[in-house]
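Accompanying notes for the structure given below.
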Amino acid sequence: MIDRIEGELIEREPTHAVMDVGGIGFHISISLQTYEALPGEGRAKLYTHLHVREDIL
Numbered sequence: 001m002i003d004r005i006e007g008e009l010i011e012r013e014p015t016h017a018v019m020d021v022g023g024i025g026f027h028i029s030i031s032l033q034t035y036e037a038l039p040g041e042g043r044a045k046l047y048t049h050l051h052v053r054e055d056i057l
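If you read the sequence shown in my numbering, its first letter stands for residue 1, the second for the next number, and so on.
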């Protein structure tokens, strides 16, 4: 389980953010409230929760 992601925010959209951590880009679904709280660019930290189902992660 991944508890948090901290790195360079390289993309920010109302439905998702992309974080570059050690050369790996993580596509993370976010809420509109999180979108509004994120900086436009630079370092950021997101706390995560992984939903596991039979057909999707």
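We treat Cβ as the ideally placed atom computed from N, Cα and C, and that holds for glycine.
*Continuous beta strand (DSSP E) stretch holding E6: start and end*: Per DSSP, E6 belongs to the beta strand (DSSP E) from R4 to R12.
*asked:* Does the beta-carbon of E6, which I'm using as the reference point, lie nearer than 7 Å to any heavy atom of the ligand ADP?
replied: The ligand ADP is absent from the structure shown, which contains no ligand whatsoever.
*asked:* Classify M19: buried if its beta carbon has 16 or more other beta carbons within 10 angstroms, exposed otherwise.
replied: By the neighbour-count rule (16 or more Cβ atoms within 10 Å), M19 is buried.
_For the alpha helix (DSSP H) containing L32, name the first residue and the last one._
Counting along the chain, the alpha helix (DSSP H) containing L32 begins and ends at L32 to A37.
*Run the CB neighbour count on L9, radius 10 Å, all protein chains shown included, and call it buried at 16 or more, exposed below.*
It is buried - the Cβ of L9 has at least 16 other Cβ atoms within 10 Å.
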